[in-house]
Amino acid sequence: MKPGASLMKHFLQIKDLRAEEYAYLFERTRIIKTRFKNYERYQPLVDRTLAMIFEKASTRTRVSFEAGMYQMGGSVVHLTTGDTHLGRAEPIEDTARVISRMVDLVMIRTFEQAKIEQFAAHSRVPVINGLTNEYHPCQILADIYTFIEHRGSIEGKVVAWVGDGNNMANTWLQAAEVLGFKVHLSTPSGYEVDPAAAGVRDAGCYRVFNHPLQACEGAHLVTTDVWTSMGYEAENEERRKAFVDWCVDDEMMAVAQPDALFMHCLPAHRGEEVTAEVLDGPQSVVWDEAENRMHVQKALMEYLLLGRIG
Ligand code: CP
Ligand code: NVA
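As structure tokens, then:
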């Protein structure tokens with residue numbers, strides 16, 4: 000993509016792409032994953048560089064982007080707040096201007112969504128959201144691809160969200176609006192999802208339940224996340240008390256569809272937001288979900304840099 004090309008796209012939240020672009024990405028993911036499993040070399044990104052900026056910790060996001068970029072023939076630069084001028088108050092606009100003159104693609108994990116939007120506004124190259132306080136779109140891309148792999152289309156299905164009204168919950172809601180499924184939300188009082196803040200307009204794409212069991216009833220997928228997200232550690236003790244009934248267990252899985260899947264973006268805390276029996280049980284697809292981060296992000300990087308193939 001040439002600098003400033005009008006077709007340049009960022010992936011900052013789910014709404015940045017349309018349903019038919021997701022259909023394309025999921026099909027590309029399938030092809031790219033199959034090639035990888037067959038040990039077929041596929042290197043369309045030779046000489047391309049991805050800069051990854053982490054202002055929060057990561058295992059999966061770093062490894063999946065880094066391994067994925069190398070597998071496609073490109074290279075990566077890994078930056079953190081502590082070892083760059085970002086942590087020493089260089090304006091984000093200046094950082095964006097400089098980094099985007101030297102690399103082809105940027106992935107950022109940071110705090111406020113406003114920060115990544117500010118970066119993207121001054122970037123010459125596509126920017127990918129690797130998690131903000133508000134959204135985690137790469138994870139939802141992987142989750143939906145994993146659902147499709149196991150159960151087919153997610154359209155018309157019910158996803159039960161049990162737990163914090165956090166970045167993952169917001170992103171599920173946006174995905175439901177774009178892709179035509181429904182989210183059944185159950186969060187402790189005081190930790191609700193704010194659909195307006197999540198960027199969702201269609202009230203038909205979610206339903207709120209007081210009790211997590213009610214949210215799980217008839218669901219095709221049950222999912223949760225940590226009680227305390229990165230950046231909210233000061234609230235840890237308060238949250239441990241508030242969330243005690245929002246632990247996905249066998250009883251919740253039993254009222255979901257008989258073939259319901261369980262997902263968790265990981266890292267998980269067994270005995271807190273999910274029991275070990277569910278996380279390590281037969282309905283759990285969390286390891287496929289983690290692996291698929293790499294495959295969907297390879298398709299995403301290919302799309303943002305090269306457009307549609309073929
Ligand atoms: N799920 C996820 O984003 O994991 P990391 O925090 O390890 O990157
Ligand atoms: N909601 C979690 C997701 C971690 C991948 C967080 O933001 O810390």
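Just so we're aligned: 23 in numbering that gives the first Met the number 0 is position 24 of the sequence shown, and the numbers increase by one with no gaps anywhere.
Cβ atoms here follow ideal geometry from the backbone N, Cα and C, with glycine treated the same way.
Margin query: Here's the rule I'm using: 16 or more other beta-carbon atoms within 10 Å means buried, otherwise exposed. How should L305 be labelled?
Written below: exposed
Next item on the list: Please determine, among V105, M51, E111 and P136, the residue with the shortest C-alpha to C-alpha distance to R123.
Entry: V105
Checklist line | Rounded separation between D248 and P90 - CA only | finding: 46 Å
Checklist line | M7 in three-state terms, based on DSSP | finding: coil
Notebook entry, point to check: Which two residues bound the contiguous beta strand (DSSP E) that contains T79?
Noted result: S74 to T79
Checklist line | Rounded distance between the beta-carbons of N166 and Y134, thought under 8 Å | finding: 5 Å
Check: Quick one: is P211 near chain C, going by C-beta distance under 9 Å?
Finding: The displayed structure is made up of one protein chain only, and chain C is not part of it.
Check: Fully enclosed by the segment 219 to 259, which beta strand (DSSP E) runs are 3 residues long or longer?
Finding: 220 to 223
Next item on the list: Return helix, strand or coil for Y205, following the three-state DSSP convention.
Entry: strand
Notebook entry, point to check: Out of curiosity, what's the CA-to-CA distance linking S228 and G129?
Noted result: 14 Å
Next item on the list: Assuming K156 and L85 form a contact by the criterion Cβ under 8 Å, report the distance between their Cβ atoms to the nearest whole angstrom.
Entry: Not really, about 40 Å apart at Cβ, beyond 8 Å.
Notebook entry, point to check: If you check the beta carbons only, do R238 and D163 fall under 9 Å apart?
Noted result: yes
Next item on the list: Kindly give me the distance between the Cβ atoms of Q282 and A267, rounded to whole angstroms, as I take these residues to be in contact under 8 Å.
Entry: Actually they are not in contact, since the Cβ atoms of Q282 and A267 sit about 14 Å apart, beyond 8 Å.
Check: Does the segment 295 to 304 come close enough to the segment 26 to 41 to have 3 or more Cβ pairs within less than 8 Å?
Finding: yes
Margin query: Here's the rule: buried if 16 or more other CB atoms are within 10 angstroms of the residue's CB, otherwise exposed. What is H294?
Written below: buried
Checklist line | Boundaries (first-last residue) of the beta strand (DSSP E) holding R108 | finding: L104 to R108
Notebook entry, point to check: Is the number of C-beta pairs between the segment 38 to 49 and the segment 68 to 78 that are closer than 8 Å three or more?
Noted result: yes
Notebook entry, point to check: Which one or two residues does DSSP pair with T48 in a beta bridge?
Noted result: S74
Item checked: Of the residues R40, L178, L172 and K181, the one placed nearest E191, counting alpha carbons only -> L172
Notebook entry, point to check: Is any heavy atom of the ligand GTP found at a distance shorter than 8 Å from the C-beta of D193?
Noted result: Inclusion of the ligand GTP in the displayed structure is not the case, the ligand content consisting of the ligand CP and the ligand NVA alone.
Notebook entry, point to check: Where does the unbroken alpha helix (DSSP H) through R295 begin, and where does it stop?
Noted result: In the sequence as displayed, the identity of residue 295 is Val instead of Arg. Segment V285 to L305, the alpha helix (DSSP H) holding V295.
Notebook entry, point to check: Beta-carbon separation of C392 and R34 under 9 Å?
Noted result: Given that the chain is displayed from residue 0 to residue 309, the structure contains no residue 392 and the question cannot be resolved.
Next item on the list: Since I believe P187 is in contact with F242 (beta carbons under 8 Å), could you give me their beta-carbon distance rounded to a whole number of angstroms?
Entry: 6 Å
Next item on the list: Specify the secondary structure class of L184 as computed by DSSP and reduced to three states.
Entry: strand
Checklist line | Euclidean distance between Cα positions of C264 and R59 | finding: 9 Å
Notebook entry, point to check: Just to confirm, does S310 get its C-beta within under 8 Å of one of the non-hydrogen atoms of the ligand NVA?
Noted result: Examination of residue 310 is not possible in this model, given that the chain is present from 0 through 309 alone.
Notebook entry, point to check: For R96, which beta-bridge partners are listed by DSSP?
Noted result: DSSP, once it has assigned bridges, lists no residue as partnering R96.
Check: Which runs of the beta strand (DSSP E) fall wholly inside the segment 117 to 177 and span at least 3 residues, in chain order?
Finding: 126 to 128 and 157 to 161
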